[in-house]
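*Asks:*
Residue numbers (my numbering), protein chains in the order written: chain A, 2 to 871; chain B, 2 to 871.
(1) Starting from residue 592/B, trace the alpha helix (DSSP H) in both directions and tell me its first and last residue.
(2) Quick check: the segment 803-822 of chain B against the segment 744-762 of chain B, are there 3 or more CB pairs under 8 Å?
(3) Looking only at its own chain, which residues have a Cβ that is under 8 Å from the Cβ of residue 627/B, when we skip the five neighbours before and after it?
(4) Show which residues of chain A have a CB atom less than 8 Å away from the CB atom of residue 398/B.
(5) Got a sec: is the Cβ-Cβ distance from residue 834/B to anything in chain A below 8 Å?
(6) Take every Cβ of the segment 502-522 of chain B, pair it with every Cβ of the segment 369-381 of chain B, and state whether three or more of those distances are shorter than 8 Å.
(7) Could you give the uninterrupted runs of the alpha helix (DSSP H) lying entirely in the segment 268-319 of chain A, keeping only those of 4 residues or more?
(8) Just list the alpha helix (DSSP H) runs in the segment 186-227 of chain A, keeping only unbroken ones of 4 residues or longer that don't cross its boundaries, in chain order.
(9) Indicate whether the contact test is met: 3 or more Cβ pairs, each with one atom in the segment 419-433 of chain A and one in the segment 529-546 of chain A, closer than 8 Å.
(10) Would you decide whether residue 469/B is buried or exposed? Buried here means 16 or more other CB atoms lie within 10 Å of its CB.
(11) Between 243/A, 484/A, 147/A, 218/A, which lies nearest to residue 125/A when the distance is taken from Cα to Cα?
(12) What residues in the segment 705-719 of chain A have a beta carbon less than 9 Å from any beta carbon of chain D?
(13) Name the chain A residues whose beta carbon is nearer than 8 Å to that of residue 789/B?
(14) Flag residue 807/B as yes if its beta-carbon sits less than 8 Å from any beta-carbon of chain A, otherwise no.
(15) Return the chain-ordered list of same chain residues with a C-beta closer than 6 Å to the C-beta of residue 238/B, the five sequence neighbours on each side being excluded.
(16) What is the residue span of the beta strand (DSSP E) that residue 108/A lies within?
(17) Checking 8 Å against the spacing of the C-beta atoms, do residue 271/A and residue 252/A come in under that value?
(18) Report the CB separation of residue 783/B from residue 678/B in whole angstroms; it is logged as a contact under 8 Å.
(19) Does residue 460/A come out as helix, strand or coil in the three-state DSSP assignment?
(20) If we count the other Cβ atoms within 10 Å of its Cβ and call it buried at 16 or more, is residue 597/B buried or exposed?
(21) At the level of alpha carbons, what is the spacing between residue 570/B and residue 708/A?
(22) Residue 245/B versus chain A: which residues are under 9 Å apart at the beta carbon?
(23) With a cut-off of 8 Å, does the C-beta of residue 776/B fall near any C-beta of chain A?
(24) How many Å lie between residue 601/B and residue 697/B at the Cα?
(25) Rounded C-beta distance between residue 888/B and residue 500/B? I'm assuming under 8 Å.
(26) Note down, in chain order, every chain B residue with its Cβ under 8 Å from the Cβ of residue 785/A.
(27) Do residue 734/A and residue 684/A come within 8 Å of each other at the CB atom, strictly closer than that value?
(28) Quick one: does the C-beta of residue 703/A sit closer than 7 Å to a heavy atom of the ligand FMN?
(29) Compute the distance between the beta-carbons of residue 155/B and residue 183/B, then report whether it is under 8 Å.
(30) Please return the same chain residues whose Cβ sits closer than 7 Å to the Cβ of residue 609/A, not counting the five positions on each side in sequence.
(31) Using the Cα positions of residue 248/A and residue 416/A, report the straight-line distance between them to the nearest angstrom.
(32) If we cut at 8 Å on Cβ distances, does residue 507/B have a partner in chain A?
(33) What does residue 97/A touch in chain B if you count any residue whose Cβ is under 8 Å from its own?
(34) Select from the segment 640-657 of chain B all residues with a C-beta closer than 8 Å to any C-beta belonging to chain A, and list them in chain order.
(35) Can you tell me which of 137/A, 84/A, 388/A, 109/A puts its alpha carbon nearest to the alpha carbon of residue 117/A?
(36) Count the other CB atoms, across all protein chains shown, that sit within 10 Å of the CB of residue 613/A; report buried if there are 16 or more and exposed otherwise.
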């Protein structure tokens, strides 16, 4: 078993073994790019470390040291050698990127002798003792688990004593003394001397990186991102290069294309006289890559060439780290770059057009959730004009959000739990803030550039972010921020424009996103590939229009009850519900009929010859009842009864478990006149459209069916009503009658119900509620289930394949046995969830239906499902 | 195809074809008993009548008339012949008895000529014109569908004109004139003459009987009694004999044993100078059979012999109709006799002891529901002593009930729907009252004997009934009754003792029934035969004791929440629910622990070495919360918060759909300390009993499990808690951990859950709710579903085999695949329902559990299931 690989022995396809960073370093070495040499200790070594009870086996230690010897040969340098010392970085690198989650140690290989030998000039002395004191602090912290605070205090005290602001002003002498002080503090805290033996340093550093695989924040990150616990991390041991060595040294990060919008132009930032960590930490605000083009044209040109080479090689946009030591460029990392949804889409489309990747590959490059984020609204232009600007920062992650400001993770989490949109405001973010960023609608930081922690994470999770607002003063402890003399306290409302970097006071209205040409092109590719039909849930012509724009192939769910909530209609429906006789009820329904018919006409006119599924009245009737006393009074007057009497009747309609009460088709069974009215409205509306030459396709959907007899009772009622109207008008409407499958019983009896139903729509919201015996409105306790690892996902977000999914499979099979051509689909929340859509594809449904804004998401998910199935 | 059978061509096994009455008349003829001769038109003729659009085909008409000729030959009489006329009765008789539901015509064969010819003496004249005018009225009513009222008015007017009280006082001349008047009225109402042609009379009468198969009350009766619509009725055409002919003529009904208590003694009543209909109608109160023994010893003796002969022949207690014409006994009907539950049991046991039937046959003779009624409570002796008697009537159907009085069916139905026990008070009942009797807790009538409509129906449906309270005056229209000068209005409370016939004022406390030796013997036979174990649901030692007395083989469900409703405990549990911290919650649980432990000790001590299934806390927590303001104040004081604050917290706990909310094992997952407390209480209690030498078998049941991980989380918690206690005490308790299967998901995933669960109990109440998506508390609308024939049975009473049952089968199979020895049972309402128990037997469950009072019912149902499966 081989546990250690020289970079020259690896390649990009070995990421499982060498980690992403190691595999790509190897690949770059073999491509002949300027990469400091080194070797990688494998993920298998990490896993063995854990199975061996957190001890590195002797044979692996030996293999590491053997490779160290080889590295000495390759570089011509020797560890611990005062003349020509080999200095090393030790970095983690797991198969799946977990940025900032694990530990790193730099400058390894320094000890008293080496430092002294190198400190031949003033410059060298300053540099080497700066490096040495950093090593001591990092080693104490990472290897020995000691807090950095006391080291930082020593540094601070020295600055104060000398009356200076930054470390750059410290002299070589200062650095030397700091190194001595750090060594003393190390001894005090660790209770042993800082190790002078370089091999000891190396083995301990590797151990520390292995250990950091299991630190708390890494575990949380893996849980959040569904990363397996068993992957392990590799450790990359690499010759140090110094971006902080001389005036012509620098360090930076670059993307081969713009990760915010996908523009094909080198993009990034750099810091002069700095080490890579300084950029990521966001301590100093770096310069943009344009400054490099101006100030270091040769380096810029070399970097740009390498960038293009790597992009072609990897067939994807690259995120690179580089360092320039004494004017020479070194590549330290390359990987597929994180990008905004907009960039993901634009890059995928342009890479297809450049011939770099196929359409199918492009479709797999953009996640359905990204598509959804592209439909993010932007601020309403008029409103923006009126809004007052607080400050401007960097456009770190796009979006337009308003919310209340919070200065710590806990508060933003609490706000989110109470459905209050929160904006997390921090001086800079770190790994500890990820959960809060996830719960916030937006993130605002004082420090940090476009590639700072805040920016990278926010883009990754699609959160709006403005970073680097350097003229804000944030007091995290006392929970306020100052913009000039203006103070904003916790809970104050602000708005962030993540595309421009502007921060506004108060809440700003938003408008919907427009679809770009690239977006349309991309969706058209997805449509060519997908098998599932994608329909939309829409109750108004406006929503139907939006759905069509987004590519819907019909309406999968029109909730007729939503049409009843307008002032006129709600009064009529209240009269209907509280009617004292069938006559009174009929008279109220007669009032509703023309209104409802007009609603349907509007939908049909919009959808033309596409199928429109109309669900009959579904919710418990008491949802429509008056709540305010003025509403009750109005109704009491109409019925000529006392308010008390009406209140009593309203109270009588209240149910213990309305979700399982008098709702769905149970309403139409008890009050058939409702179904008759709805059928009349549909058929009349359809006739009107037919006469205008529109080939309407209404499909009537019966909700909450539990039994064939129940379905039949209503189907016969519908057919009779429709027949009468059609006979009278001498035109046939090609309507269908189908049902929701939303209680377990109808899934189990799908073979019976399929004998009469022409289509099924799985109502997975209710089906999930009934299958779990879990009311969505009362599921607050599910948080405990996630925390305890009992449930992994919210079953209301992603279909519970094991339980609810099994019922869907059973129902589909039973139905198709009886009626192979029956159309099967789903409507409800799951119809817009990518994972659920893929499940629907897999079990052979014909369509999914979701809200108009999710239609493009569903189209892409359906396409991906189809590609994954190939 | 033969559509008509002479009695001599039939036998008792042909009831499908000849109907019950026809088959038994044939059997008696062939046994050589004195039966007026006749023939039967088959049920197939009836069904053909309906398929032929309600016309009797010519060939069937011919067959009827051919048999009429044969009957003339057999009897030596001729129809329409003035000298020796053959007079006929035409009666319905379906394969399943539907007493009083269909039509009958008597005295058929009379016309002007025949009547005139017979009227040779004063007596004959009175008799024959009485018969003739009855025929005319009955024919008008039954064949021509004319109301009887105007005929009755003519009769009434004549009585008034002559100043007499009863028809008996009318003279021969009166009868003659009445017959003439009736004929005139007939012509006026029917618009044609009363038919003088006897063959026409006969064919029309047969048609009328066929038609009456489908009258409304017959349809309702069939629906209520689950009788198939396709059986059809036969028609029995039989020579008339007259109980009203001479002074030594009489008519009566008799049971071969006492139908109230099963005593082996001829039982019945008779009316002198009357026709059979007069008894059933309850117009005159008849004499008891003892009077016959005294007044007509020869007839009594012959009847008694025939009764014994029939009982031996049919191997069952017989219900007979007989008529004595001029001193000669004729048998008109025999059939298996309806009996009270007590009689059913006693007869079955004594028939086994007499060697008449086997134990297995006996077990099939008593319905499980009968067994339940045997456990009816009786009035508390002390309370009865204090109660004031209103009146005394006949003990028509046993039971002891209190309720509010109502004088019409609608009111008693409405009361029942509002859970108000109602007593239906009527002068006499008729078929129209059946639904009201069904909804009442008891029935009280002024007229009618032990075999009146009221008595027969009440016994049949197990309703308490006192009949023949002749000194009550009931005004049905004005809704009151008078007992002497005392007036009782609608809604006043009375009590009925159906065993003694006493009627009391007000409500009287009841005490539980005692088990007779016959009862115990019968149950012991059932236990020998049954395969299913029968356990009980009991939460207190008192209930557990009752369950043991009734034969329970363990406790299948102890609902721990029921233990919490006592004053001390409810306060502690409220503290637990509203605790602000885990510490506060723990402290409340510490208070509950010793109380709960004592509860379990009591149960274990009672149940000894029988298994006791304890279900962990199940209902939504807010069910325990204080409701009155004084309770809230008390709790607010304890928590040192304001009442308003506490009220807000209580309101926060309220759920939209509590049935699917934070309940069941979800409570223990969020508050593990509850499960730890309950486990501690169980194990501690078990240890105490073990130390006393009792081999306790506690089984811990987790409610509302949806997922294996959820079950495991709790099982591990339980095992850990138990292990710690057992280690400390150095004794092992042989406890088990299982789960309810009450949400569809756990049924679908039974194979996963069975890997860890040691037993399953199907919680069919909840499983039914979730499978149908139907809240039991909100299922008022189901009445519409029954009315419209969409649902046949209440799925909460009898398991929905098609839906819920299918899930149970799936779950059982999945579980047994994984763990063949897993114990499967059900608890909840269905566990005490005979049909559901039979289903449980059929799908191979191991046990059912039901309330203590249903245990004997379940034992018998289980035995019957086992016998039916042989």
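Ideal placement from N, C-alpha and C gives every residue a C-beta, glycine not left out.
*Replies:* Quick look at the numbers:
(1) Against the second chain, residue 592/B aligns to sequence position 591. Looking at the DSSP string, the run of the alpha helix (DSSP H) that includes residue 592/B is 583-608.
(2) yes
(3) Translated into positions along the second chain, residue 627/B becomes position 626. So the list reads 575, 633, 635, 636, 651, once near-sequence residues are dropped.
(4) Numbered from 1 along the second chain, position 397 holds the residue referred to as residue 398/B. Near residue 398/B there are no residues of chain A at all, since even the closest Cβ is about 35 Å away, more than 8 Å.
(5) Numbered from 1 along the second chain, position 833 holds the residue referred to as residue 834/B. Cβ-Cβ to chain A under 8 Å: no for residue 834/B.
(6) yes
(7) 277-282, 290-296, 298-315
(8) 199-213, 217-225
(9) no
(10) Locating residue 469/B in the second chain gives position 468, counting from the first residue. Under this definition residue 469/B is a buried residue.
(11) By one-based count along the first chain, residue 125/A stands at place 124. Among 243/A, 484/A, 147/A, 218/A, the Cα nearest to that of residue 125/A belongs to 243/A.
(12) Any reference to chain D falls outside this structure, whose protein chains are A and B.
(13) As a position in the second chain, residue 789/B is number 788, starting the count at 1. The contacting residues are 670, 714.
(14) In the second chain, residue 807/B corresponds to position 806, counting from 1. Closer than 8 Å: yes.
(15) As a working note, residue 238/B is residue 237 in the second chain. Excluding residues within five positions, the ones whose Cβ falls inside 6 Å are 39, 40, 89, 91.
(16) As a first step, residue 108/A must be located in the first chain, where it is residue number 107. Unbroken beta strand (DSSP E) run through residue 108/A: 105-109.
(17) Residue numbering aside, residue 271/A sits at position 270 when the first chain is read from its first letter. Residue numbering aside, residue 252/A sits at position 251 when the first chain is read from its first letter. Against a cut-off of 8 Å, the Cβ pair of residue 252/A and residue 271/A comes out as a contact.
(18) Here residue 783/B refers to the residue found at position 782 of the second chain. Here residue 678/B refers to the residue found at position 677 of the second chain. Contact doesn't hold; Cβ gap of about 39 Å is too wide.
(19) Stepping through the first chain from its first residue, residue 460/A is reached at position 459. Three-state DSSP puts residue 460/A in a helix.
(20) Counted from its first residue, the second chain places residue 597/B at position 596. Buried, because 16 or more other Cβ atoms sit within 10 Å of the Cβ of residue 597/B.
(21) Here the question's residue 570/B lines up with position 569 in the second chain. Here the question's residue 708/A lines up with position 707 in the first chain. Computed Cα separation, rounded: 44 Å.
(22) Start at 1 with the first residue of the second chain, and residue 245/B comes out as number 244. Those do not exist, as residue 245/B stays about 50 Å from chain A at its closest Cβ, beyond 9 Å.
(23) Numbered from 1 along the second chain, position 775 holds the residue referred to as residue 776/B. Closer than 8 Å to some Cβ of chain A, the Cβ of residue 776/B qualifies, so yes.
(24) Against the second chain, residue 601/B aligns to sequence position 600. Against the second chain, residue 697/B aligns to sequence position 696. Each residue's Cα considered, the two are about 11 Å apart.
(25) The structure shown does not extend to residue 888/B, since chain B is modelled only from 2 to 871, so the question has no answer here.
(26) Along the first chain, read from residue 1 onward, the residue named residue 785/A stands at position 784. Per Cβ cutoff of 8 Å: 670, 671.
(27) The residue labelled residue 684/A in the question sits at position 683 within the first chain. The residue labelled residue 734/A in the question sits at position 733 within the first chain. A contact, by the Cβ cut-off of 8 Å.
(28) With respect to small molecules bound, the structure shown includes none, and the ligand FMN cannot be examined in it.
(29) One-based indexing of the second chain puts residue 155/B at position 154. One-based indexing of the second chain puts residue 183/B at position 182. Cβ distance < 8 Å, so residue 155/B and residue 183/B count as in contact.
(30) As a position in the first chain, residue 609/A is number 608, starting the count at 1. Within the same chain, residue 609/A has close Cβ partners 695.
(31) Taking the first chain and counting its residues from 1, the one referred to as residue 248/A is at position 247. Taking the first chain and counting its residues from 1, the one referred to as residue 416/A is at position 415. Using only the alpha carbons, I get a separation of about 48 Å.
(32) For the purposes of this step, residue 507/B is taken as residue 506 along the second chain, with counting starting at 1. So, not an interface residue.
(33) As a position in the first chain, residue 97/A is number 96, starting the count at 1. Residues of chain B passing the Cβ test: none, with the nearest at roughly 25 Å.
(34) 656, 657
(35) Here residue 117/A refers to the residue found at position 116 when the first chain is read from its first residue. For residue 117/A, the nearest C-alpha among the options comes from 84/A.
(36) Counting from 1 along the first chain, the entry for residue 613/A is found at position 612. Looking at its Cβ environment, which holds 16 or more other Cβ atoms inside 10 Å, residue 613/A is buried.
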